[in-house]
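Peer 1:
Have a look at this one:
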């Protein structure tokens with residue numbers, strides 16, 4: 022599991038002062054990018070590679086509001102891994118209000134940049150993903 026902490030910024034909210042719903046997913050991807058930055062697999066390495074890693078499915082629950090200046094921690098773990106796809110699980114905890122703010126699951130699939138067809142997850146990337154496994 023990987024934990025990322027940040028504060029909810031004004032830009033994360035809508036006119037009512039609570040988080041704008043797609044920004045929860047933006048923060049989820051920000052968490053994943055920070056995890057990759059902490060490993061040998063930076064986002065730059067993926068961008069410069071022969072494959073892509075687009076999001077193909079998202080499932081999100083919004084359990085309580087997040088407001089500007091709320092302190093948030095996002096727990097990231099590996100939900101499932103296949104030959105060419107993987108699903109990451111995110112849990113959003115609001116430290117300011119001591120509440121679970123939401124959950125999300127995001128599925129990525131590896132594709133060839135050239136053909137745009139399914140591409141096996143590289144072994145070294147699989148190792149980095151399995152470090153996020155909920156199972157010890």
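In our numbering, the protein residues as written are 22 to 157.
Ideal Cβ positions, reconstructed from N, Cα and C, are used throughout, including at glycine.
1. Starting from residue 52, trace the alpha helix (DSSP H) both ways and give me its first and last residue.
2. Can you say whether residue 110 is buried or exposed, counting buried as having 16 or more other CB atoms within 10 angstroms of its CB?
3. Excluding sequence positions up to five away, which residues of its chain have a Cβ less than 6 Å from the Cβ of residue 33?
4. Rank 114, 102, 75 by C-alpha distance to the C-alpha of residue 144 and give the top, closest one.
5. Out of curiosity, what's the CA-to-CA distance linking residue 87 and residue 127?
6. By Cβ distance, which residues of its chain are closer than 8 Å to residue 61, with the 5 residues on each side in sequence left out?
7. Here's the rule I'm using: 16 or more other beta-carbon atoms within 10 Å means buried, otherwise exposed. How should residue 157 be labelled?
8. Any contact between the segment 82 to 99 and the segment 113 to 127? By contact I mean 3 or more CB pairs, one from each, below 8 Å.
9. Nearest to residue 67 by alpha carbon, out of 151, 133, 154?
10. Roughly how many angstroms lie between the CA atoms of residue 73 and residue 138, to the nearest whole one?
11. Can you give me the start and stop residues for the beta strand (DSSP E) that residue 150 sits inside?
12. Look at the alpha carbon of residue 158 and the alpha carbon of residue 69, and state the distance between them as a whole number of angstroms.
13. Candidates 98, 23, 49: which alpha carbon is nearest residue 154's?
Peer 2: Reading off the structure:
1. 42 to 58
2. buried
3. 40, 44
4. 102
5. 20 Å
6. 145, 149
7. Residue confidence is low: residue 157 scores 46 on pLDDT, short of 50, so the model does not pin down where it sits. No coordinate-derived value is stated.
8. yes
9. 133
10. 10 Å
11. Taken as a continuous stretch (DSSP letters only), residue 150 belongs to no beta strand (DSSP E), being part of the alpha helix (DSSP H) at 144 to 151.
12. The shown model of the chain, from 22 to 157, leaves out residue 158, and the question about it has no answer.
13. 98
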